[in-house]
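Report on the structure given below.
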Amino acid sequence: RADEQLVVFAAASLKNALDEVNKACEKDVGEAAKISYAASSALAKQIEEGAPADIFVSADLDWMKYLSDKKLTKPDTEVKLLGNQIVLVAPKDSKAEVKVEKGFDLAKVIGDGKLAMGDFKAVPAGKYGKAALESLGVWSSVEGKVAQAENVRAALKLVATGEAAAGIVYQTDANAEKGVKVIGVFPEETHPPIVYPVAQTAESKDKDTPAFLKCLRSAKAGELFKAQGFTLLAPTQ
Amino acid sequence: MNWLLDLSPDEWNAVRLSIKVATVAMLVSLPIGIAVALLLARGRFWGKTLLNGIVHLPLILPPVVTGYLLLLAFGRRGPAGAFFADYFGLVFSFRWTGAALACGVMGFPLMVRAIRLSIEAVDRKLEAAAGTLGASPLWVFATVTLPLILPGMIAGAILSFAKAMGEFGATITFVSNIPNETQTLPSAIYTFTQVPGGDEGALRLTLISIVISMAALIASEVLARRVGRRMDIE
Amino acid sequence: MNWLLDLSPDEWNAVRLSIKVATVAMLVSLPIGIAVALLLARGRFWGKTLLNGIVHLPLILPPVVTGYLLLLAFGRRGPAGAFFADYFGLVFSFRWTGAALACGVMGFPLMVRAIRLSIEAVDRKLEAAAGTLGASPLWVFATVTLPLILPGMIAGAILSFAKAMGEFGATITFVSNIPNETQTLPSAIYTFTQVPGGDEGALRLTLISIVISMAALIASEVLARRVGRRMDIE
Amino acid sequence: MSVLVDIGHRQGGFSLEAAFESSGRLTALFGPSGSGKTSLINAIAGLIRPERGLIAVDGRVLVDTKEGVFVPRHKRRIGMVFQDARLFPHLSVAANLRYGRWFTPAAERYGDIPAVVELLGIGHLLDRRPAKLSGGEKQRVAIGRALLASPKLLLMDEPLASLDEARKAEILPYIERLRDETKIPIVYVSHSVAEVARLASDVVVMAQGKVAAAGPTTEIMQRLDLLSHEERVEGGAVLDTRVLHHDERFGMTVLGSPAGEIRVPYLRAIVGQPVRVRIRARDVMIATEQPHGLSALNVLAGRVAAIEPGEGAAIEVRIDCNGVTVMARITRQSQHALSLVSGRDVFAVIKTVSFDQANMAAAPKEQFDA
Amino acid sequence: MSVLVDIGHRQGGFSLEAAFESSGRLTALFGPSGSGKTSLINAIAGLIRPERGLIAVDGRVLVDTKEGVFVPRHKRRIGMVFQDARLFPHLSVAANLRYGRWFTPAAERYGDIPAVVELLGIGHLLDRRPAKLSGGEKQRVAIGRALLASPKLLLMDEPLASLDEARKAEILPYIERLRDETKIPIVYVSHSVAEVARLASDVVVMAQGKVAAAGPTTEIMQRLDLLSHEERVEGGAVLDTRVLHHDERFGMTVLGSPAGEIRVPYLRAIVGQPVRVRIRARDVMIATEQPHGLSALNVLAGRVAAIEPGEGAAIEVRIDCNGVTVMARITRQSQHALSLVSGRDVFAVIKTVSFDQANMAAAPKEQFDA
Ligand SMILES: Nc1ncnc2c1ncn2[C@@H]1O[C@H](COP(=O)(O)OP(=O)(O)OP(=O)(O)O)[C@@H](O)[C@H]1O
Ligand SMILES: Nc1ncnc2c1ncn2[C@@H]1O[C@H](COP(=O)(O)OP(=O)(O)OP(=O)(O)O)[C@@H](O)[C@H]1O
Ligand SMILES: [Mg+2]
Ligand SMILES: [Mg+2]
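So the sequences go chain by chain: A, B, C, D and E.
Note that the first sequence covers residues 1 to 237 in my numbering.
Note that the second sequence covers residues 238 to 471 in my numbering.
Note that the third sequence covers residues 472 to 705 in my numbering.
Note that the fourth sequence covers residues 706 to 1075 in my numbering.
Note that the fifth sequence covers residues 1076 to 1445 in my numbering.
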């Protein structure tokens, strides 16, 4: 039963890392958690409707705030766990070369193609990307060429298949995709910090929850997260 | 072959769960689908257009919306959810039963349409003849209408099953993606697509899903052909 | 009412685009659907099971997978995409045509099933009679079979239309979500659902989508009833 | 044992306004195509809900629009043989036959499957599907199916129309037995004067949705005016007689009637048994003197009761043979040659072989019981 | 103008092995239910592909399994009236009628819609859908539809079975006209001896999937052995005669035949016109001396050619009347009483009114042209 086991609701992009962490932590926690991966939005709404989740790991701060505003998380357990970077990618065979800086000629890189990114209203990576382009002053020059994908992975696929001329995705995704190459990294200060927060839900009853939260911040978990390209925002314990 | 079947326990569970969910969704919605198709094909009542609309809703709405509406209605706090929990001890939220519900609902318009088309093609004169032979409307239905619409029922059932094997949006929105509980094949496939290096896993599960559905499809065709051969058109 | 229709220009475009996409998807897939349904209902050829399987694929696969396969095949670099671009000047990627393609493909199994059921219910003796009156197989089809399967065609068309109004996963994966070009209603709704506090916007667009689909549904029912009344069963 | 119908119903441009009452064992509905025969029995069976009126079978009210009574068809226990066979395509012939039996309380069943199968000659078809039967075979199965439902009233809509003469002749005696040996009234739609004359105790003549005439067969059959030109060929007198004795030597049966003895081909009937014979007007000659050296064996003495104009060259002569009317159709030329006038003593001459099986049958019993 | 069929075909347990050739204008297929009549014409129409054999119409090979010839049905220009009407349910009656015309080259069309509508009495039905027609109405429309496709061969599968006598009589002359005035051969399935005798130039008798006999109607109709017991009632001689003169006074027509003059009810025919009459054996009496004071007007002198045993009390007497055979059915008692033996001079006595319209018709032309 889901009720008897620790249940973690986590943003889907964390799957690789969290699966390994879960395995590594099994001994310390006493059991393996069940992890349900989906879009942060869906998970947040499910928790709102009484989902039997003990821990919520969101891909952005907005959905965590959505829950904490409704008193559905335990505020004292909320931690900014991981960080990430967004990068500009192009298809592997692309000849585009560019330096990401204020006013750089992104439009030229795109040409008459498209710039793929996550839905910039809904998908965190999209939101960060748009903010970065705005602060670099190039948003208006490419706004009409943006193809918004359902999620950042779909955006990555659009670039990998050569469908889009360029894309803005997480560093973690870009590293592992052979079909694309990174042609630039967006400086951290150009966009709001990319944060994966974690918190225990208000209705969490499973006794192992604190142990799992603790393990998430352990050194060995940190190594595993870093191996997937994430940065650690919370000090390891 | 080895590569294809070299699945993790969670993946095996997803396969098993998907078959269970699709089968239950199909079987449970079949009688309801027949009833609704009958109402729509034969009934003359005030809210018929409305009923027809409601049946089609899952088709019209983005799956995510359907899933969300199910969450609101059948969730732990939803009115329908409370009703079923109280009176039948049947809990949908974050259980495989909820996945079956979501799949059943998503496949419902397809099933109803197929059955309804079959019902509309039935020669009502045969039913009249059965009536004069002493069969009450219920018996007429069971012994004449039902056998005559069998091809439509089979078609409807297989559509529902296939839809359930592919349904993702409503399911993951409604009951999330909990391994061994609500993680169906499509959800597992989705999870793979969301991470670097997941493509192979996604492909593998997709192939398994196709194999299962194709087997069901062929079985249904064979069944339908046998039924059809028996009947021909008089 | 004001609240409902107080849409941003992008939203209006999404409404208009969705209607266009759904209509085109329905109209273009109808003749193909009829042909495939005929093949499946009447044909006896080697690859029939395979064809049947392929037709059902979009139902079986998670929409995202279908969208990705479309991307691979009909994308700028895909073989089918190149073919259509070179020979017909028809580009799908990031165009509304691609959205229509995705919607058409997703609705195709539903359409084919409905038409096929109708074809299987046609009394072939009537076709034989038409043949003796001098009608070639093509004419028999046009003047006897086609009118007799009209209810199934209407049902298939409306299923395809409704599906297109709700299709999201394959569309957004294949042609992404470009306002005014590929942002259909479901994409717009999806965006709203992904933002905290977007529920109201999602609800508004959902209601609009429902109204449109219901109108189409009622129109199809009226049409089918008129056709049906004309015919009865002899 | 009676059928009472008084209904009004419109369908499209056609309006049915029919009232009749029959306590006969077999009531024939007779009339041209489109006169409303099928509509009428559909109303009796409960397949049409008439706009107004009353239908009662055997005292049981099935429809009474004034009282809002409408017994559903499956509770009427009315068997129906349709003009189109309407077999269940998904069931084998055997299962089609058994169908109605499921719904009949065991105590009320009559007839048994092997007998009906044997009679209708459908034993070799039992495992087939209806789609693989010829037209006549379908209709035979349909008759069997209706019979085996053990109905309390049997409606038959031209059940023999698509059967050949041999099959018809085989099935007719069974219908007669049904009529005589069970208590089930039968309403029988037919185009055939011969069938009607042979089977019916009562006839209802339909024309354009209305009842043109109704009454006992013997009376109606004499009213040649009710028949169309072509049907008139079949018209004539219907006599109810009894078997006097058999003539073994020549294979004949001698029937007694008030008109005198009538010699007919051998009949399987015991002495004293009632037999109905139809003497078609066209088969009757008139002689003014006892004929000699003529093969015709039946010579009935009588007196010309009336001479009615016929069609074309023919006249219809009504001959009163000791209280029984025999009709003769002869030419005006013969009338002239024989100087026939009303009141003249004549002989009605009838060949023995004109009494073919189709014209003779066990008389409906009540005619005699009454 | 000929039909040549020689095919073998199995369906289920039934096997059809039929060969016949007919250059008659109207070839009747006659046989009991299930004997394969429908299967045979289905093969001619191209609805069944026979396993082996040859079918040719008018010299045009339609099927030749040896050569692999199989002309598709729509290129055969063979009109068919089905046992079940098979009207198009989605089309009005008018559109059903017009259907075949679309596919007929204008130059090859014959017949016109108003005339056919008028003839079949379906003018008031034109706007209806088939579902709202009575059984007979459907069949009439089906006949019209086939006719209006202007076929080169017309197949009719018991087209009149569900029509009443009046309609039958109305339609029969039109079929005769079709037979005589156009060049279209007709193959006509019927259960009715009367219809066959009246219409057919040639008859093919089917039994259990095989051709039991085939030949000109006049010959086949005398072979009473081919008829079942019940059909024998209808058997007799078919005579081809010519109109000699009309007797205006008594409304009669006098026909000339080698056997002598035959007086029949007035016929709409010009002097010299060929007329075929059927004289049923049951209608013929035998007299050993010229009768007196008898209403029967036709007395043909002849000689007993043969006496054949009949059924039961009856015998069949073949009378040679100056080279023409007339059949008489009388009782053995009469034979005994009249001491009838082969070679004896007798008179065949026939009532004028036994020549009813159904037994007389314009003879198929070629019988005379030949
Ligand atoms: N559903 C209907 N709607 C309108 N008119 C109808 C309908 N069914 C039958 N009719 C008409 O009603 C009349 C009577 O039909 P019915 O079938 O009772 O005739 P019938 O006497 O049985 O004829 P037949 O001997 O040809 O079967 C016909 O003129 C027919 O056209
Ligand atoms: N599709 C079929 N498969 C197997 N047997 C068949 C099929 N169709 C007909 N038969 C059989 O073939 C035989 C001949 O049928 P057909 O319809 O030719 O007879 P018919 O002479 O037209 O009879 P009817 O006068 O009753 O219409 C019948 O015994 C019938 O049962
Ligand atoms: Mg009728
Ligand atoms: Mg037949």
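Just so you know, even glycine gets a beta-carbon here, dropped at the ideal spot from N, CA and C.
is_contact[residue i, chain C] using C-beta, thresh 8 Å
{"i": "I1218(E)", "result": "no"}
{"i": "L241(B)", "result": "no"}
{"i": "L136(A)", "result": "no"}
Whole-angstrom C-beta distance between residue j and residue i, which should lie under 8 Å
{"i": "A259(B)", "j": "A401(B)", "result": "4 Å"}
{"i": "T1316(E)", "j": "V1352(E)", "result": "6 Å"}
{"i": "F775(D)", "j": "W376(B)", "result": "No, F775(D) and W376(B) are not in contact; Cβ-Cβ is about 19 Å, not under 8 Å."}
{"i": "A211(A)", "j": "D28(A)", "result": "6 Å"}
{"i": "G578(C)", "j": "L454(B)", "result": "That pair is no contact at about 18 Å."}
{"i": "T732(D)", "j": "A905(D)", "result": "7 Å"}
{"i": "I783(D)", "j": "L852(D)", "result": "I783(D) to L852(D), Cβ: 13 Å. No contact."}
Local Cβ density within 10 Å of residue i, reported as buried at 16 or more and exposed below that
{"i": "N497(B)", "result": "Past the edges of chain B, shown from 238 to 471, lies residue 497(B), and the structure says nothing about it."}
{"i": "L521(C)", "result": "exposed"}
{"i": "S962(D)", "result": "buried"}
{"i": "F282(B)", "result": "exposed"}
{"i": "L621(C)", "result": "buried"}
{"i": "I1197(E)", "result": "buried"}
{"i": "N1397(E)", "result": "exposed"}
Under 7 Å by beta carbon: chain C residues contacting residue i
{"i": "K400(B)", "result": "L530"}
Whole-angstrom distance between residue j and residue i, CA atom to CA atom
{"i": "A367(B)", "j": "D1159(E)", "result": "21 Å"}
{"i": "L81(A)", "j": "W483(C)", "result": "40 Å"}
{"i": "Q1365(E)", "j": "Q995(D)", "result": "14 Å"}
{"i": "D1187(E)", "j": "R1161(E)", "result": "22 Å"}
{"i": "V1379(E)", "j": "A1334(E)", "result": "13 Å"}
{"i": "A942(D)", "j": "V910(D)", "result": "17 Å"}
{"i": "V1192(E)", "j": "G1219(E)", "result": "7 Å"}
{"i": "L1413(E)", "j": "R1404(E)", "result": "14 Å"}
Neighbour list for residue i in chain A, Cβ cutoff strictly below 9 Å
{"i": "V682(C)", "result": "Those within 9 Å of V682(C) in chain A number zero; the least Cβ separation is about 24 Å."}
Short CB-CB distance (under 8 Å) between residue i and chain D
{"i": "A1388(E)", "result": "yes"}
{"i": "L1115(E)", "result": "no"}
{"i": "M348(B)", "result": "no"}
Any C-beta of chain A under 8 Å from that of residue i
{"i": "V432(B)", "result": "yes"}
{"i": "F564(C)", "result": "Checking the sequence shown, residue 564(C) turns out to be Ser, not Phe. Yes, S564(C) counts as interfacial toward chain A."}
C-beta neighbour in chain E for residue i, strict 8 Å
{"i": "Q788(D)", "result": "yes"}
{"i": "G605(C)", "result": "yes"}
{"i": "F725(D)", "result": "no"}
Under 7 Å by beta carbon: chain B residues contacting residue i
{"i": "M685(C)", "result": "G290"}
{"i": "Q148(A)", "result": "The premise fails here: Q148(A) is roughly 15 Å from chain B at the closest Cβ pair, so nothing lies under 7 Å."}
8 Å Cβ cutoff, residue i in contact with chain B
{"i": "L752(D)", "result": "yes"}
{"i": "G637(C)", "result": "yes"}
{"i": "A1033(D)", "result": "no"}
Contacts that residue i makes with chain B (C-beta to C-beta distance below 8 Å)
{"i": "S36(A)", "result": "S413, N414, I415, P416, T419 and Q420"}
7 Å Cβ cut-off: residues of chain A touching residue i
{"i": "G312(B)", "result": "E49 and G50"}
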